[in-house]
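Colleague:
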Amino acid sequence: MTIKDKAAIVGVGATPYFKRGQSYPESELSMACSAILMALEDAGLTIKDLDGFSIYSSSCDPATVGAELGVPEIRWATSTTSGGGGCAGALGVAAAAIDGGMATTVVTLMTLQQLNKRLGGSAVGGMLQYAMMSDAGGSPYGGSGISPSVAFTANNGMLSPGHSFAQLTSRHMHLYGTKREHFAEVCMSTRDNAIKRPTALRTEPLTLEDYFNARMISDPLCLFDYTMESDGAVAVITTSAERAKDLKQPPVLIMASAHGASGRWGPALFKYFQIPNDEFPSSGHRPVAKRIYEMAGITAADVDVALLYDHFSPMVIMQLEDYGFCPIGEGGPFVGDGNIRYGTGSIPVNTHGGNLSEAYIIGMTHVREAVEQIRGTAINQVEGAEIALVTGGPAGSPVSGTLLRKA
Amino acid sequence: MSVEFGELKKGVFPTILFETHSDASTEPFWEAAREDKLVAPKCSNCGTFRLPPSPYCFECQTRGVEWVQLPGTGTIHSFTVVRHPLHPGLAECCPYVSGSVELDGTQGAGARMLVNIIDVDPDAVRIGDRVEIIFEHVNDEMSTPRFRPISK
Chain A
1 MTIKDKAAIV GVGATPYFKR GQSYPESELS MACSAILMAL EDAGLTIKDL
51 DGFSIYSSSC DPATVGAELG VPEIRWATST TSGGGGCAGA LGVAAAAIDG
101 GMATTVVTLM TLQQLNKRLG GSAVGGMLQY AMMSDAGGSP YGGSGISPSV
151 AFTANNGMLS PGHSFAQLTS RHMHLYGTKR EHFAEVCMST RDNAIKRPTA
201 LRTEPLTLED YFNARMISDP LCLFDYTMES DGAVAVITTS AERAKDLKQP
251 PVLIMASAHG ASGRWGPALF KYFQIPNDEF PSSGHRPVAK RIYEMAGITA
301 ADVDVALLYD HFSPMVIMQL EDYGFCPIGE GGPFVGDGNI RYGTGSIPVN
351 THGGNLSEAY IIGMTHVREA VEQIRGTAIN QVEGAEIALV TGGPAGSPVS
401 GTLLRKA
Chain B
1 MSVEFGELKK GVFPTILFET HSDASTEPFW EAAREDKLVA PKCSNCGTFR
51 LPPSPYCFEC QTRGVEWVQL PGTGTIHSFT VVRHPLHPGL AECCPYVSGS
101 VELDGTQGAG ARMLVNIIDV DPDAVRIGDR VEIIFEHVND EMSTPRFRPI
151 SK
């Protein structure tokens with residue numbers, strides 16, 4: 001027994017996307033509420049129907065949002081642990097809650113305003129926060145202090161996400177001969193997809209020359225290999241497949257979903273890096289990929305469009321390998337041959353412009369695009385798209401993947 | 001947030017945490033570090049090393065360890081060259097190299113050290129390069145470990 005096809009995404013809502021800080025005077029709470037109300041409206045539902053929250057990365061406090069919007073009764077409130085890696089997996093948790101009879105109408109969302117905070121750890125206070133985050137236990141009531149293991153890494157200069165992913169990338173290049181030209185192709189193809197989208201924050205064309213002229217941030221990553229810092233909110237509503245049939249939009253079935261990782265993928269980033277050698281130069285998604293394909297009863301060849309979490313361009317290449325679109329180690333040449341291009345490639349990737357060029361709302365823009373692709377309403381619509389893959393992470397465990405399909 | 005890093009040297013990431021916050025699992029490491037020695041806990045049941053030191057062996061789930069002095073040499077497993085300072089006050093130490101080092105005398109994964117690698121040309125450093133540990137004695141408590149190329 002699995003959650004296969006038991007639940008469906010029936011509504012999507014989003015605020016505009018903003019550059020970092022520019023969503024002010026909106027707040028994370030106001031944007032969360034706006035996105036939720038829009039998603040319910042899109043589904044033909046109201047706040048009276050909403051009874052569950054399945055979130056990730058502490059995106060909001062369901063207690064606060066529930067009170068603010070006057071949700072009649074909250075029956076389910078969970079968050080996957082760790083950070084953005086839980087994004088796609090939170091949809092599976094919503095489906096499990098619905099299938100198990102614990103809730104009927106569940107929202108998954110991210111709301112983000114980087115006015116007084118920056119996710120990239122750009123001040124020493126931020127660096128120390130990053131150094132501490134895996135040990136903090138996620139308790140809002142504190143009491144965690146600085147754990148003894150932090151002293152082993154706090155002084156090593158490697159305390160932002162980019163520094164971490166650069167290490168996985170260096171190793172991938174060393175073992176497999178992956179090149180910066182391959183990362184450039186990820187950035188350029190993603191940018192091409194963003195150009196046509198009014199929601200995208202980066203729409204100026206990006207050439208190979210531009211890429212190689214960009215400043216290096218943390219070798220082998222240059223400016224364009226990094227996502228941007230954005231504000232905004234995106235929410236989606238999940239309900240039972242049965243009920244979805246009677247709602248406003250064509251249902252988008254959750255065909256399979258999983259979150260997790262090998263145990264020793266661990267916190268993976270920022271301070272751990274004790275991943276066994278065979279999995280070190282990877283996205284950490286292999287166990288999740290195996291489980292969602294088994295649950296869905298399909299293979300990578302059946303996927304029509306892939307929305308892969310792209311906070312750093314090389315991690316798209318490693319996910320293509322880990323999700324079986326090409327053999328391990330061949331992701332670089334695979335993208336180099338044009339395979340992820342919209343319109344011409346064998347597996348169109350990030351048709352919305354991704355985190356790299358559209359906006360970084362910690363994965364939810366990918367969920368929104370996956371839904372639009374399956375509904376057939378995407379701006380860069382993949383013709384006849386019936387199955388979409390959407391992922392969260394690479395990040396500390398759990399990472400996640402979900403397969404959505406046309407009903 | 002006003003931050004003082006003291007005198008910065010190109011290639012050397014400054015110490016920003018001055019206390020070890022040690023507990024029973026980690027204190028032997030810092031005691032040895034104060035005397036320029038690298039030690040690591042080795043599982044007394046299965047022989048697996050683990051760093052940072054922690055309560056349980058990830059291979060056999062037992063707790064007993066014996067502290068072993070390691071040669072302090074190793075191989076660069078991966079690295080990054082940080083060229084853009086995370087904070088404007090860090091500009092003078094960029095570019096610097098940070099990475100993971102697999103330690104001689106250990107099994108590698110599970111006991112890697114994540115460190116600033118100094119005295120290297122950031123454009124010439126490579127995975128597989130041989131390095132050795134050097135401790136900066138910051139105060140009575142903290143000795144910051146870094147690695148540098150093994151002098152030939």
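Chains A and B, in that order, give the protein sequences.
1 is the number of the first residue of the first sequence in the UniProt record's numbering; add one for each residue after it.
1 is the number of the first residue of the second sequence in the UniProt record's numbering; add one for each residue after it.
Glycine included, C-beta positions come from ideal geometry on N, C-alpha and C.
1) Check C94 (chain B) in the structure and name its three-state DSSP category.
2) Are the region 73-83 of chain A and the region 374-388 of chain A in contact at 8 Å, needing three or more beta carbon pairs?
3) Would you give the residue range spanned by the alpha helix (DSSP H) that M110 (chain A) belongs to?
4) As an exercise, report each continuous alpha helix (DSSP H) stretch of at least 4 residues that is fully enclosed by the region 61-91 of chain A, in chain order.
5) One question on the structure: do V65 (chain B) and P122 (chain B) come within less than 8 Å of each other, judged by their Cβ atoms?
6) Can you give me the Cβ contacts of R112 (chain B) inside the same chain, cut-off strictly under 8 Å, excluding the 5 residues immediately before and after it?
7) Near S230 (chain A), which residues of its chain fall below 8 Å by C-beta distance, leaving aside the five closest residues on each side in sequence?
8) Does the beta carbon of R215 (chain A) sit closer than 8 Å to a beta carbon anywhere in chain B?
9) If you follow the alpha helix (DSSP H) that T46 (chain A) is part of, which residue opens it and which one closes it?
10) Is the number of C-beta pairs between the region 290-306 of chain A and the region 241-256 of chain A that are closer than 8 Å three or more?
11) When you compare the CB positions of A395 (chain A) and G66 (chain A), do they come within less than 8 Å of one another, or not?
12) If you draw a straight line from the C-alpha of R286 (chain A) to the C-alpha of A261 (chain A), how long is it?
13) So M142 (chain B) packs on T26 (chain B), CB below 8 Å; how close in whole Å?
14) Given 8 Å as the limit, is there contact between the region 89-97 of chain B and the region 21-39 of chain B, that is, 3 or more CB pairs closer than that?
15) Note down the Cα distance separating K6 (chain A) from A88 (chain A), rounded to an integer number of angstroms.
16) Does DSSP classify D192 (chain A) as helix, strand or coil?
17) If the cut is a Cβ gap below 8 Å, which residues of chain B does residue 410 (chain A) touch?
18) Can you find a CB in chain A that lies within less than 8 Å of the CB of D129 (chain B)?
19) What span of residues does the beta strand (DSSP E) with I292 (chain A) cover, start to end?
20) Apart from the five residues on each side of it in sequence, which residues of its chain come closer than 7 Å, Cβ to Cβ, to T190 (chain A)?
21) Determine whether the beta carbon atoms of H182 (chain A) and I317 (chain A) lie at a separation below 8 Å.
22) What is the DSSP secondary structure of R375 (chain A), reduced to helix, strand or coil?
23) Any beta carbon from chain B within less than 8 Å of Q114 (chain A)'s own beta carbon?
24) Within the chosen definition, does the region 268-282 of chain A reach the region 48-58 of chain A through at least 3 CB pairs nearer than 8 Å?
25) Which same chain residues end up closer than 8 Å to L37 (chain A) when comparing Cβ atoms and leaving out the 5 residues on each side of it in sequence?
26) Below 8 Å, how does it come out for the region 263-272 of chain A and the region 367-385 of chain A: are there three or more Cβ pairs, yes or no?
27) Whose C-beta lies closer than 6 Å to the C-beta of H366 (chain A) among residues of the same chain, with five residues either side of it excluded?
28) Closer than 9 Å by beta-carbon distance: list the chain A residues that pair up with T26 (chain B), in chain order.
29) Using 8 Å for Cβ pairs, my map puts T239 (chain A) next to T105 (chain A). What's the rounded Cβ distance?
30) For Q61 (chain B), is the classification buried or exposed, using 16 other Cβ atoms within 10 angstroms of its Cβ as the cut-off for buried?
31) Return the bridge partner residues of Y226 (chain A) from the DSSP annotation.
32) Is the Cβ of I134 (chain B) closer than 8 Å to any Cβ of chain A?
33) Quick check on DSSP: helix, strand or coil for D219 (chain A)?
34) Taking G157 (chain A) as the query, report the chain B residues whose CB atoms sit under 7 Å from its CB, ordered along the chain.
35) I'd like the span of the alpha helix (DSSP H) that includes S164 (chain A), first residue to last.
36) Could you tell me the distance, in whole angstroms, from the CA atom of E185 (chain A) to the CA atom of L86 (chain B)?
Modeller: Put simply:
1) Your numbering for residue 94 (chain B) matches position 94 in the second sequence. In this structure, C94 (chain B) counts as coil in the three-state DSSP scheme.
2) no
3) Here the question's residue 110 (chain A) lines up with position 110 in the first sequence. Note, M110 (chain A): premise wrong, no alpha helix (DSSP H); beta strand (DSSP E) at T105 to L112.
4) 62-69
5) Here the question's residue 65 (chain B) lines up with position 65 in the second sequence. Here the question's residue 122 (chain B) lines up with position 122 in the second sequence. Result no, Cβ atoms of V65 (chain B) and P122 (chain B) do not sit closer than 8 Å.
6) Against the second sequence, residue 112 (chain B) aligns to sequence position 112. Within the same chain, R112 (chain B) has close Cβ partners L51, H77, S100, V101, E102 and L103.
7) Taking the first sequence and counting its residues from 1, the one referred to as residue 230 (chain A) is at position 230. Around S230 (chain A): Y17, F18, K19, R20, L112, Q114, L201, A359, Y360 and I361.
8) Mapped onto the first sequence, residue 215 (chain A) falls at position 215. True, the Cβ-Cβ gap to chain B drops below 8 Å.
9) Here residue 46 (chain A) refers to the residue found at position 46 of the first sequence. Where T46 (chain A) is concerned, there is no enclosing alpha helix (DSSP H), given that its DSSP letter is neither H nor E.
10) yes
11) Locating residue 395 (chain A) in the first sequence gives position 395, counting from the first residue. Locating residue 66 (chain A) in the first sequence gives position 66, counting from the first residue. No, they are not a contact pair.
12) Indexing the first sequence from 1 puts residue 286 (chain A) at position 286. Indexing the first sequence from 1 puts residue 261 (chain A) at position 261. Cα-Cα distance, rounded: 8 Å.
13) Looking up residue 142 (chain B) in the second sequence gives position 142. Looking up residue 26 (chain B) in the second sequence gives position 26. Going by Cβ atoms, the distance from M142 (chain B) to T26 (chain B) rounds to 12 Å, so no, they are not a contact pair.
14) no
15) Residue 6 (chain A) sits at position 6 when you count from the first residue of the first sequence. Residue 88 (chain A) sits at position 88 when you count from the first residue of the first sequence. Whole-angstrom Cα-Cα distance: 16 Å.
16) Counting from 1 along the first sequence, the entry for residue 192 (chain A) is found at position 192. In this structure, D192 (chain A) counts as helix in the three-state DSSP scheme.
17) Because chain A here runs from 1 to 407, residue 410 (chain A) falls outside it and cannot be looked at.
18) Here residue 129 (chain B) corresponds to residue number 129 of the second sequence, with the count starting at 1. No, its Cβ sits nowhere closer than 8 Å to a Cβ of chain A.
19) Looking up residue 292 (chain A) in the first sequence gives position 292. Run containing I292 (chain A): none in the beta strand (DSSP E); it sits in the alpha helix (DSSP H), R286 to A296.
20) Taking the first sequence and counting its residues from 1, one reaches residue 190 (chain A) at position 190. Around T190 (chain A): D310, N350, G353, G354, L356 and S357.
21) Position 182 of the first sequence, counted from the start, is the residue given in the question as residue 182 (chain A). Position 317 of the first sequence, counted from the start, is the residue given in the question as residue 317 (chain A). Taking 8 Å as the Cβ cut-off, H182 (chain A) and I317 (chain A) qualify as a contacting pair.
22) As a working note, residue 375 (chain A) is residue 375 in the first sequence. Of the three classes helix, strand and coil, the one that applies to R375 (chain A) here is helix, per DSSP.
23) Position 114 of the first sequence holds residue 114 (chain A). No, no contact with chain B.
24) no
25) What you label residue 37 (chain A) is simply residue 37 of the first sequence in a count that begins at 1. Cβ neighbours of L37 (chain A) beyond the five flanking positions: G13, I47 and L69.
26) no
27) One-based indexing of the first sequence puts residue 366 (chain A) at position 366. The residues are L307 and V390.
28) The residue you call residue 26 (chain B) lines up with position 26 of the second sequence. Within 9 Å Cβ-Cβ: P148, S149, A151 and F152.
29) Locating residue 239 (chain A) in the first sequence gives position 239, where the first residue counts as 1. Locating residue 105 (chain A) in the first sequence gives position 105, where the first residue counts as 1. That pair is a contact at about 5 Å.
30) As a working mapping, residue 61 (chain B) is identified with position 61 in the second sequence. The residue in question, Q61 (chain B), is exposed, as its Cβ has fewer than 16 Cβ neighbours within 10 Å.
31) Position 226 of the first sequence holds residue 226 (chain A). Partner(s): A:F312.
32) Residue mapping note: residue 134 (chain B) aligns to position 134 of the second sequence, counting from 1. Closer than 8 Å: no.
33) Translated into positions along the first sequence, residue 219 (chain A) becomes position 219. Strand at D219 (chain A).
34) By 1-based counting over the first sequence, the position of residue 157 (chain A) is 157. The contacting residues are F13, V82, Y96, S98 and N116.
35) On the first sequence, position 164 is the one that residue 164 (chain A) refers to. Looking at the DSSP string, the run of the alpha helix (DSSP H) that includes S164 (chain A) is P161 to Y176.
36) Within the first sequence, the letter at position 185 stands for residue 185 (chain A). Within the second sequence, the letter at position 86 stands for residue 86 (chain B). C-alpha separation (whole angstroms): 27 Å.
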